[in-house]
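Each residue of the sequence shown is one higher than the one before, starting from 283 at the first, in the working numbering. Note that beta-carbon positions come from the ideal geometry of N, C-alpha and C, so glycine has one too. Here the structure is a predicted model, which is why all the values come from computation and not from measurement. The structure under discussion appears below in the form of structure tokens.
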Amino acid sequence: MMQGSGMQLGQILVNNGKLDPDDLEMALRDHRRTGERLGEILVKMNLTSIEDVLRALSQQLSMPFIKLGDLKIPKEIIELIPAKLVTHYHLVPIDQNNGVMRVAVSDPLDIHTLDDLRMALKMDVEPVISSPKEIEETIKKYYGIGAETVEELMDESKAEGDSVEVEGAQVEDIDEMAEDASIVRFVNQIISEAFRDRATDIHIEPLEKELRIRYRIDGVLYEAAIPPAIRRFQNAIISRVKIMADMNIAERRLPQDGKIKVKMGELDYDLRVSSVPTPYGESIAIRILSRDSELCALDRLGFDKDHIDILREMIVKPHGIILITGPTGSGKSTTLYAALSEINSVDKKIITIEDPIEYRIPGVTQINVVPPIGLTFARILRNLLRQDPDVIMVGEIRDQETAEITIRTALTGHLVFSTIHTNDACGAVTRLQDMGIEPFLVSSSVEGIIAQRLVRVLCKECKASYSPRPEIITKLNTRNEDISEATFYRPVGCEKCRYTGYHGRTAIYELVRINEPFRRMIVNRDPANILRREAIKWGMKPIRLDGWHKVKNGFTTVDEVLRVTMEDEFFDSDG
């Protein structure tokens with residue numbers, strides 16, 4: 283960030299309504315005392331934004347301010363400047379006309395950079411102004427993450443006369459290459475970028491003609507821009523991840539699991555690594571878990587008031603089972619942790635059995651299952667009652683043995699929380715029966731069932747109102763509510779949400795409280811569709827209806843709710 287005359291730049295900001303005159307005086311005093319650039323002082327003191335400073339500078343220098351996100355830069359222009367120059371000088375080529383290259387920079391008064399670039403390109407260079415963040419994002423978009431690192435690898439392999447063949451490379455060669463500083467740096471860049479993008483998973487996937495890297499952000503996979511040449515270093519990259527995760531790099535034929543502990547800034551992360559063999563090499567999946575994540579309170583998870591009241595009644599019961607159901611990645615663990623945190627107190631002993639432990643809860647005894655040594659859910663449960671617990675959380679009911687012990691634990695006077703994989707709340711009952719659990723045991727032990735899904739939340743900065751098609755509304759508005767005054771929003775995309783239109787996620791729910799008529803139906807082995815129809819008559823709000831209310835309240839979109847829910851065939855509009 284820079285300025286021609288500090289006073290002139292500050293006055294432009296004041297005239298534009300972006301800076302208070304008194305704040306300008308305070309910043310100018312600092313500028314005169316330290317010699318630091320005025321723009322940097324203003325941003326550091328949070329008196330104005332970096333973009334406002336750059337726009338004012340654009341006026342001062344009569345130089346265009348460019349929004350790079352609005353441009354489509356031709357491939358032949360990108361190829362004119364190597365990635366290492368672009369990254370080193372932090373600039374982006376935009377176009378070329380009559381032998382003059384236009385480049386976006388965040389400091390057009392850095393004469394040395396522009397002169398170096400003129401010498402490297404052997405042509406004249408004309409600067410335009412853009413924000414540092416947009417320049418960084420554009421470099422990633424057009425050159426790929428770690429492009430300068432890949433160029434270094436290519437230069438090294440050429441210098442050594444090594445073609446770095448993907449097929450047939452010896453394990454020893456790959457091992458040595460995986461420790462190469464450039465490979466180490468590239469893998470670190472991939473992981474760092476995932477942290478910055480709020481990704482929950484990284485997928486490194488060898489395909490027939492390319493290596494694909496994808497991030498899961500807010501539940502949706504996005505392909506990362508990486509240089510095509512990275513395909514040549516596929517085995518070294520995968521081996522580097524396996525070395526970090528303490529996995530056997532010589533074994534490429536069998537699935538493996540590992541763990542990496544990393545620190546970024548002040549935050550600690552656990553990375554759970556899984557590898558599986560494919561015809562084109564090993565595919566790697568990395569789950570990102572933050573050890574410093576704060577537990578959410580129940581009232582911040584997306585429950586409406588009725589749901590919260592019912593749930594709070596259930597979690598203070600002296601015994602019974604509360605089940606949470608939904609697909610993988612639907613936020614079940616977060617809901618369980620929030621419920622446990624709500625009832626966590628000195629007079630209760632709470633023990634959890636998890637695979638893996640995702641959050642640390644102060645005052646709670648947490649046990650991590652280790653199947654390879656026989657430390658399974660069922661084995662821990664069989665010995666757990668000797669620990670005199672009041673509340674037990676079983677991470678997942680996966681098999682008949684775990685289900686039987688969990689139910690018997692609830693019947694002996696303990697409150698048990700657990701998860702199970704079914705499509706809706708009532709399906710959990712028939713799932714337990716399919717596992718071989720007698721209906722009378724299910725009926726007498728289960729107190730409540732929650733089904734949930736996660737939907738993306740619209741970005742507050744860029745969402746725009748619109749009118750959805752009537753037939754789409756009909757799919758969600760199952761009670762034919764009046765929507766004349768409702769405002770519907772759609773995603774647009776901006777810098778804050780990385781042009782996805784969404785930022786964060788919230789949950790939509792359906793909650794069944796087990797009453798006496800319901801227990802009798804369970805004992806009679808009524809199928810899930812009959813149980814569901816009766817639950818709706820007794821007041822259960824279907825998950826799609828909960829999603830509809832979040833659409834009406836402007837939290838999410840019609841498309842998001844339709845994406846994660848199934849059409850409800852058994853909704854009774856009179857219920």
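Just to confirm the assignment, what range does the beta strand (DSSP E) spanning residue i have?
| i | result |
| --- | --- |
| residue 786 | 784 to 795 |
| residue 751 | Per DSSP, residue 751 belongs to no beta strand (DSSP E) and is neither H nor E. |
| residue 602 | 602 to 607 |
| residue 858 | This structure gives no information on residue 858, because the portion of the chain shown stretches from 283 to 857. |
| residue 551 | 549 to 560 |
| residue 665 | Not the beta strand (DSSP E): residue 665 falls in the alpha helix (DSSP H), residues 659 to 666. |
Got a sec? Which residues, its chain only, sit under 7 Å from residue i by beta carbon, not counting five neighbours each side?
| i | result |
| --- | --- |
| residue 708 | 794, 810, 813, 814 and 817 |
| residue 490 | 562 |
| residue 560 | 488 |
| residue 774 | 744, 745, 746 and 783 |
Are the Cβ atoms of residue i and residue j separated by less than 8 Å?
| i | j | result |
| --- | --- | --- |
| residue 527 | residue 541 | yes |
| residue 729 | residue 604 | yes |
| residue 688 | residue 698 | yes |
| residue 646 | residue 634 | yes |
| residue 712 | residue 607 | no |
| residue 632 | residue 671 | yes |
| residue 364 | residue 385 | no |
| residue 301 | residue 320 | no |
| residue 510 | residue 492 | yes |
| residue 731 | residue 746 | no |
| residue 382 | residue 401 | no |
Are there 16 or more other CB atoms within 10 angstroms of the CB of residue i, so buried, or fewer, so exposed?
| i | result |
| --- | --- |
| residue 636 | buried |
| residue 785 | buried |
| residue 610 | exposed |
| residue 538 | buried |
| residue 759 | buried |
| residue 679 | buried |
| residue 748 | exposed |
| residue 799 | exposed |
| residue 444 | Confidence at residue 444 is low in this model, with a pLDDT of 49, below 50, so the placement of that residue should be treated as unreliable; the coordinate-derived value is given next. Its Cβ having fewer than 16 others within 10 Å, residue 444 is exposed. |
| residue 564 | buried |
Rounded to a whole number of angstroms, what is the C-alpha to C-alpha distance between residue i and residue j?
| i | j | result |
| --- | --- | --- |
| residue 294 | residue 833 | 42 Å |
| residue 304 | residue 345 | 28 Å |
| residue 482 | residue 312 | 42 Å |
| residue 824 | residue 788 | 16 Å |
| residue 369 | residue 397 | 16 Å |
| residue 379 | residue 360 | 14 Å |
| residue 407 | residue 435 | 29 Å |
| residue 677 | residue 848 | 26 Å |
| residue 347 | residue 358 | 23 Å |
| residue 356 | residue 388 | 21 Å |
| residue 558 | residue 520 | 11 Å |
| residue 719 | residue 726 | 12 Å |
| residue 717 | residue 796 | 20 Å |
| residue 451 | residue 469 | In this prediction, residue 451 has a pLDDT of 44, which is less than 50 and means its spatial position is unreliable; what the coordinates show is noted afterwards. Residue 451 and residue 469: Cα-Cα distance of roughly 20 Å. |
| residue 588 | residue 411 | 53 Å |
| residue 330 | residue 354 | 29 Å |
| residue 390 | residue 839 | 42 Å |
| residue 448 | residue 425 | Caution applies to residue 448, whose pLDDT of 40 falls short of 50 and renders its modelled position unreliable; the model cannot decide the point. |
| residue 454 | residue 517 | Note that residue 454 scores 48 on pLDDT, short of 50, meaning its location in the model is unreliable; the coordinates nonetheless yield the value given after this. For residue 454 and residue 517, the distance between alpha carbons rounds to 12 Å. |
| residue 334 | residue 619 | 42 Å |
| residue 651 | residue 507 | 37 Å |
| residue 829 | residue 654 | 41 Å |
| residue 332 | residue 600 | 56 Å |
| residue 675 | residue 596 | 14 Å |
| residue 855 | residue 842 | Note on residue 855: pLDDT 42, under 50, position unreliable in the model; no value is reported. |
| residue 324 | residue 338 | 12 Å |
| residue 844 | residue 827 | 11 Å |
Skipping 5 residues on each side, what residues in its chain have a beta carbon closer than 8 Å to that of residue i?
| i | result |
| --- | --- |
| residue 806 | 721 |
| residue 803 | 812, 813 and 816 |
Does any heavy atom of the ligand ZN sit closer than 7 Å to the C-beta of residue i?
| i | result |
| --- | --- |
| residue 562 | With respect to the ligand ZN, the structure shown offers nothing to examine, as it has no ligands at all. |
Whose C-beta lies closer than 6 Å to the C-beta of residue i among residues of the same chain, with five residues either side of it excluded?
| i | result |
| --- | --- |
| residue 586 | none |
| residue 485 | 496 and 567 |
| residue 836 | 771 |
| residue 475 | 427 |
| residue 584 | 788 and 789 |
| residue 298 | none |
| residue 464 | 431, 434 and 435 |
| residue 414 | 388 |
How far does the alpha helix (DSSP H) with residue i in it reach, from first residue to last?
| i | result |
| --- | --- |
| residue 263 | Residue numbering for the chain in the displayed model covers 283 to 857; residue 263 lies beyond these limits and cannot be assessed. |
| residue 367 | 365 to 371 |
| residue 515 | Unbroken run through residue 515: none, as it is neither H nor E. |
| residue 831 | 825 to 834 |
| residue 680 | Counting along the chain, residue 680 falls outside any alpha helix (DSSP H), and DSSP gives it neither H nor E. |
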